[in-house]
Each structure stands twice: as structure tokens, then as C-alpha cells.
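Beneath this line is the structure, given in C-alpha cells, with notes to follow.
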Amino acid sequence: MISRKPAHLLLVDDDPGLLKLLGMRLTSEGYSVVTAESGQEGLRVLHREKVDLVISDLRMDEMDGMQLFTEIQKVQPGMPVIILTAHGSIPDAVAATQKGVFSFLTKPIDRDALYKAIDEALEQSAPATDDSWRNAIVTRSPLMLRLLKQARMVAQSDVSVLINGQSGTGKEIFAQAIHNASPRNNKPFVAINCGALPEQLLESELFGHARGAFTGAVSNREGLFQAAEGGTLFLDEIGDMPAPLQVKLLRVLQERKVRPLGSNRDIDIDVRIISATHRDLPKAMARGEFREDLYYRLNVVSLKIPALAERTEDIPLLANHLLRQSAQRHKPFVRAFSTDAMKRLMTASWPGNVRQLVNVIEQCVALTSSPVISDALVEQALEGENTALPTFAEARNQFELNYLRKLLQITKGNVTHAARMAGRNRTEFYKLLSRHELDANDFKE
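Positions 1 to 445 (the UniProt record's numbering) are the ones given, in order, by the sequence shown.
The following block contains the structure:
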């Protein structure tokens, strides 16, 4: 299967049957497609959606293809337009192209000629700027495009960036894009999830350790700050970092030096810090769970990635892109989603965001025996997602919540007794209760 350039196409034809057929054909090639059954409807689509290319029939009632082309150039000059007609002639084609129509194709449309015209139109209209830095981010959402513009500007400096967003929105991919667009892009990009490791192991991973620093430390080992020298260190789920490590991280950010565990020697570092969290850090600060001074060190520039539910216009583009990737790896005969399947993807709530969409599409490809993914298969995959495994951090948080509830039930809300059973002092235990928004009084009889 040929990998097509991701693009959003507007098809305009007053024949619903031909419109649906052409839409299915182009969708099967990996394009994102929106349709309109009149020129006026096509103009309304252009006002509300970002379109890369228009393909229109010539002969239509009220507004024909050439009139539509003229109106399009008034609102979006330079928008490439391909005209299709069953009544074409060489003079018609010459006249159309002289007016600026990109291509004039005669029906019945030769498939290869159409794809060639689309590829050439997209290539010619592509912006001259190099967007390879953000290739992994597939979007046409105005929200995301504004965010990417900000990210590219921020990338040119070394200021610390805090990325906010729900789990599964792609915070690490965004951090990688900032690194790619920065002057540090030829140096390492190193990532770590601060919520996935126990405190001592996280400390050793970040700062390194000297031989004999703890049991099992048989040799010196550099930490991730040193591994990322000259490049970028991405601290994911920074809101879950234990308080003692927050103090050490603050010192590193202030002094630009790191001291490995068990060592008495500081090491100079040159690293750009990007961090991310799904937590509300101002609330965490109010509860005493996150240091205010560290927050302001990390949050020089703040970027918030929208949830997938806030950028539904990206779902067809993302779904087709992910389908192509999965099909190429596993089942090359899989080519497209049915119209109803795409509608179901568009109406899903996506609490797990892009990560959930990836999982649903992987399931669909794994289970299909047809070139076209059906709506029933999408529904089955969405239902299966309800019982999908959580991430490690999510599972740990859920365990903590259940464990604390059980302790408080057993001790009837006696914090001293519960803390003793948990092997924690009262202060630590109160912080745990605050983090999970539990009130011991609710468990007293």
C-alpha cells in the first residue's frame, strides 16, 4: 500500500452516489475526506474546516465548478482545486488552468491520473517551511496548530517548559518536537516517568551514583542529567515526584550542577528541562505536595495540550494515519474505515485520548479479515477498551486509593492507628490522604 501524504480533501458533487464512491476511494488511500453536495455547501465547509485541496465536479446546479473555484479564491487564495467533468474538451481544460484551476480531469476518472494530480497539487501548495520537527504530531486542529506555533518559538530558547494535559494526549511526543526544533536537536533527548519508579531508584536514575552508594552499587553510574548533556531531559509526570527529590531537583535547576548519590563531587551540566504532568500543580502546592519554588522554576513557559474530545476534527486524520501505520506492520490488505466506522470514532468520548485511539485501531486491525474496518468492529474495540489495562502510574494511584480506604475502614477513621498499620508517620499519612482527597472523618462511626 502506497503511503500518501496526510491531507484533508473537500469533495463537491451534486450526485450523492458518485460523491460517496469517490469519497470511499480516496479514504481507502489514506486521505481524510469531507463531502458537500453543492457549491454553497462546499463554501460553508471551507469556512469551518481547514482543507488542503478541493476536488469539484464541473456541472452542478446553482453554482458550477468554475463558479465555485472563483468563490474559493476570494476567501482562500491559492487553495488548489481539481475540476472533474464528463463533458470536458481541450479548450475547456486550457481555459480552466489559465484561470488558476490546478488540474482538469475528464470522467471516467483514471485512478492513477487522479492520485498523481492530488499528489502534485499538495506538493505545490505545501508551505516552504520545514515541518519535519513535528512529523509525529498529526493535526489540522486550530488549537493544536496554535500550540505548535508557540512550541516552535519556545524551542529557540533554553527556558524550562511545563506541558500540561490529560493522560494519553501525547505530552512526550510534544516534548520531543520541541527538542527537534531547538538548537539542541543534534544532542540527546532523554525521557523518564517520575511517577513510575520508587524514590531511591528514581534518585539514582536522575542523578547517578558512586560505587558503594548503596547495596548493589558495584560501580560508578552516570544519571540521566549527564546522559542528556547538551540536549533535553524530559521529566514526565513531574507532579508525582517525591518531596525529597523535588528539593534536589530545585538545587540542580538553580546551580546547574548535579551530585551523584554517594559522591562528594558536583558535576556541571548543560541540559534543557521540559516537564509534564496531568495533575493540577497549583492545587498540589496548596496541599503541600509540590514545592512552589520548584513549580516556578519549571513553569517558565506553560503549554496545555487539548484532550482529543476538544479536537475532534483531528480524529479522521489521526485514525487514517494510525490505520496506515498498523496495517503496514501487521495486515497490508487493510485499507480503510467504513463511513459508519468513522462516524463511530467521531462520536466516541475518548477519555484515554490519543493513546486510547491508538489501542482501538490496533485492535481493529488485529481482528479484521476485511480490507475495510466495520463500525461493529470499532464498537467491539471501544467496549474492550473499557476493560483495558491502565498505565503503571494509574494502577499505582488506584491501589493507593483502595489501600487507604481499606485502612480507614478497618481503623474507623483513626489516623494514628492507620498510619501505624501502613508503616508511615502521621504527617506522611495525612499527605497521602490529601493527595487522594480522603477525609478520615468520613470513616468514623
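Note that CB positions come from ideal geometry on N, CA and C, so glycine has one too.
Task: Residue nearest to residue 56 in terms of C-alpha spacing, selected from 50, 47, 66, 49 - done: 66
Open item on the list: Whether or not the segment 321 to 334 and the segment 280 to 289 are in contact is what I'm after, with contact meaning three or more pairs of Cβ atoms, one per stretch, closer than 8 Å; do they touch?
Closed with: When Cβ pairs closer than 8 Å are counted between the two stretches, the segment 280 to 289 is seen not to touch the segment 321 to 334, the count staying below three.
TODO: Please look up how many angstroms separate the CB atoms of residue 121 and residue 83, rounded, as I've assumed it's under 8 Å.
DONE: No, residue 121 and residue 83 are not in contact; Cβ-Cβ is about 12 Å, not under 8 Å.
Open item on the list: Taking 7 Å as the limit between beta carbons, can you name the residues of its chain near residue 270, skipping five residues before and five after?
Closed with: 229, 230
- [ ] State the start and end residues of the unbroken alpha helix (DSSP H) segment that holds residue 431.
- [x] Residue 431: member of the alpha helix (DSSP H) spanning 426 to 435, first to last residue.
Open item on the list: Am I right that residue 336 and residue 372 are in contact with their C-beta atoms under 8 Å? What's the rounded C-beta distance?
Closed with: Approximately 5 Å separates the beta-carbon atoms of residue 336 and residue 372; this is inside 8 Å, confirming the contact.
Task: Minimum length 4: unbroken alpha helix (DSSP H) runs contained in the segment 211 to 273 - done: 224 to 227, 243 to 255
- [ ] Using a threshold of 8 Å, state whether the C-beta atoms of residue 38 and residue 60 are closer than that.
- [x] Taking 8 Å as the cut-off, the Cβ atoms of residue 38 and residue 60 count as close.
Open item on the list: Using only the alpha-carbon positions, how far apart do residue 359 and residue 115 sit?
Closed with: 30 Å
TODO: Report the rounded CA-to-CA distance for residue 341 versus residue 33, giving the unit in angstroms.
DONE: 14 Å
Open item on the list: Can you tell me whether residue 370 is buried or exposed? The criterion is at least 16 other CB atoms within 10 Å of its CB, across all chains shown.
Closed with: exposed
Open item on the list: Check whether the segment 194 to 211 and the segment 165 to 184 are in contact - that is, three or more C-beta pairs closer than 8 Å.
Closed with: no
Open item on the list: Counting only C-beta atoms, is residue 11 closer than 8 Å to chain B at any point?
Closed with: Absent from the structure is chain B; it holds one protein chain and no more.
Open item on the list: With H, G and I counted as helix, E and B as strand and the rest as coil, what does DSSP make of residue 182?
Closed with: coil
- [ ] Could you spell out where the alpha helix (DSSP H) holding residue 278 opens and where it closes?
- [x] No alpha helix (DSSP H) contains residue 278, which DSSP labels as neither H nor E.
Task: Beta-ladder partner(s) of residue 480, from DSSP - done: The structure shown does not extend to residue 480, since the chain spans only 1 to 445, so no value can be given for it.
Task: Same chain only: Cβ atoms within 6 Å of residue 199, ignoring 5 sequence neighbours per side - done: 242
Open item on the list: Can you tell me where the alpha helix (DSSP H) holding residue 74 begins and where it ends?
Closed with: 65 to 75
- [ ] Would you check if the segment 297 to 316 and the segment 166 to 182 touch, i.e. whether three or more CB-CB distances between them fall below 8 Å?
- [x] yes
Task: Top-ranked residue by Cα proximity to residue 107, from 244, 87, 438 - done: Here the closest residue by C-alpha is 87.
Task: 8 Å Cβ cutoff met for residue 173 and residue 137 - done: Here residue 173 is near residue 137, since their CB atoms are less than 8 Å apart.
Task: the segment 247 to 267 contacting the segment 213 to 226, beta-carbon criterion three pairs below 8 Å - done: yes
Task: Rounded straight-line distance, which links the Cα of residue 80 to that of residue 102 - done: 6 Å
TODO: Please state whether DSSP places residue 87 in a helix, a strand or coil.
DONE: coil
Open item on the list: Let me confirm a value: residue 52 is counted as buried when at least 16 other C-beta atoms fall within 10 Å, else exposed. Which label applies?
Closed with: buried
Task: residue 302, enclosing alpha helix (DSSP H) - first and last residue - done: Element bounds for residue 302: not the alpha helix (DSSP H) but the beta strand (DSSP E), 301 to 304.
Open item on the list: What I want to know is whether the C-beta of residue 258 ends up closer than 7 Å to one or more non-hydrogen atoms of the ligand PLP.
Closed with: The model on display carries no ligand, and the ligand PLP is accordingly not part of it.
- [ ] Go to residue 57, then tell me how far its beta strand (DSSP E) extends in each direction, as first and last residue.
- [x] 53 to 57
- [ ] Compare the C-alpha of residue 64 against each of 75, 43, 379 and name the closest.
- [x] 43
TODO: Tell whether a beta-carbon distance below 8 Å holds between residue 297 and residue 160.
DONE: yes
TODO: Would you kindly check if the distance between the Cβ of residue 303 and the Cβ of residue 163 is under 8 Å?
DONE: yes
Task: Boundaries of the alpha helix (DSSP H) in which residue 209 is found, first to last residue - done: Note, residue 209: premise wrong, no alpha helix (DSSP H); not H, not E.
Open item on the list: Residues in the same chain with beta-carbon distance under 7 Å from residue 145, minus the five sequence neighbours each way, listed in chain order, please.
Closed with: 139
TODO: Have a look at residue 105 and residue 85 and give me their C-alpha separation to the nearest angstrom.
DONE: 6 Å
TODO: Find the nearest neighbour of residue 141 within the set 318, 357, 414, 343, judged by alpha-carbon distance.
DONE: 318
Task: Cβ shell of residue 1 (< 6 Å), same chain only, five flanking positions each side left out - done: For residue 1, the predicted structure reports a pLDDT of 42, less than 50, and the residue's modelled location is therefore unreliable. The matter cannot be settled from this model.
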